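The block underneath contains the structure these notes are about, expressed in structure tokens.
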Amino acid sequence: MSTDDIDSSDCASILSASSSSSNSSSERRDDLDFDGPLIKLSNFYEASRPFNLTGKSFGELPEATRRFLVEMELYPAEFANVKEFFQALLDIRCKRLEKLERTLEGVNRAIVREILASHARMGNHAMDDTSRRVLGEVLQPEWRGHLDQYVEEIDALIWLDMTARAECTPRPTYEQYMRERAETVEGMTEFALRCLQNALDKVKMEERAQSFLEKMTLDGFNEYGHFIDAGHLSDTASVFEEEPWVNISEHK
Numbered sequence: 002m003s004t005d006d007i008d009s010s011d012c013a014s015i016l017s018a019s020s021s022s023s024n025s026s027s028e029r030r031d032d033l034d035f036d037g038p039l040i041k042l043s044n045f046y047e048a049s050r051p052f053n054l055t056g057k058s059f060g061e062l063p064e065a066t067r068r069f070l071v072e073m074e075l076y077p078a079e080f081a082n083v084k085e086f087f088q089a090l091l092d093i094r095c096k097r098l099e100k101l102e103r104t105l106e107g108v109n110r111a112i113v114r115e116i117l118a119s120h121a122r123m124g125n126h127a128m129d130d131t132s133r134r135v136l137g138e139v140l141q142p143e144w145r146g147h148l149d150q151y152v153e154e155i156d157a158l159i160w161l162d163m164t165a166r167a168e169c170t171p172r173p174t175y176e177q178y179m180r181e182r183a184e185t186v187e188g189m190t191e192f193a194l195r196c197l198q199n200a201l202d203k204v205k206m207e208e209r210a211q212s213f214l215e216k217m218t219l220d221g222f223n224e225y226g227h228f229i230d231a232g233h234l235s236d237t238a239s240v241f242e243e244e245p246w247v248n249i250s251e252h253k
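Per this note's numbering, the sequence shown starts with residue 2, numbered consecutively.
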């Protein structure tokens, strides 16, 4: 099965469906609509929990949230002005998104390779039970866990914004904060899909390169593109092993 036979919609569909189980093979096949359009982002990933930090003091926040704010040097902290405060929040969002991309690289490649391995075993676009278990019990939870952590960090920044502007007038409403949160989650999901697509493209390129090198070797070339000539002295030194050594200095 060639890597050209799958695309990011395959991966997205599998991430969505691999955790669900069914008894019949036909039902399992229907779960994976490989020929259909990319599933809607809202169905691809949803925040695992609602925002629940409203009105809490720093000491009442979850330990992971407190640790994140302290590590990012956001609490306790003093900013010269409002512009500096919001710039700090924006910079952290960008840096954490970059970290998410690096973190997803490994699990995305594992997802792609697991799909390819299943396709190779099955000979078509169907997923075998082995790959379903790996995807549903190992890779999908790991993938979701990275996105959940990012959402938790975004929640921490929302809490900080709410707290900093608690006494300001006017200030954003709770609904405005939640609308921004939903937009952030959707943007993160789209970003994660692009990362998955990039992993797929990299795997395709690597396998094409490997196939090309193997073909070159079969055609008589080495990995550096040099022709392997059986008659070259460096490749046929063994034929001279039984010949007497010639001392050039003896020949006047």
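No residue lacks a Cβ here, since even glycine has one placed at the ideal position from N, Cα and C.
Keep in mind it's a predicted model, so treat the numbers as computed, not measured.
Rounded C-alpha distance that separates residue 176 from residue 84: 23 Å
Segments assigned alpha helix (DSSP H), at least 4 residues, entirely inside the region 75-105: none
DSSP state of residue 173 mapped onto helix, strand, coil: coil
Inter-residue spacing [alpha-carbon to alpha-carbon] between residue 142 and residue 105: 12 Å
Alpha helix (DSSP H) runs contained entirely in the region 114-182, provided each spans 4 or more residues: 130-135 and 141-165
Test item: CB-CB of residue 154 and residue 69 under 9 Å: yes
Residue 56 - DSSP class collapsed to helix/strand/coil: coil
Counted within 10 angstroms of its Cβ, other Cβ atoms place residue 128 as buried (16 or more) or exposed: buried
Distance between residue 119 and residue 133 (C-alpha atoms, nearest Å): 9 Å
Among 125, 151, 148 and 116, nearest to residue 135 - alpha-carbon criterion: 116
Contact under 9 Å by Cβ, residue 162 with residue 173: yes
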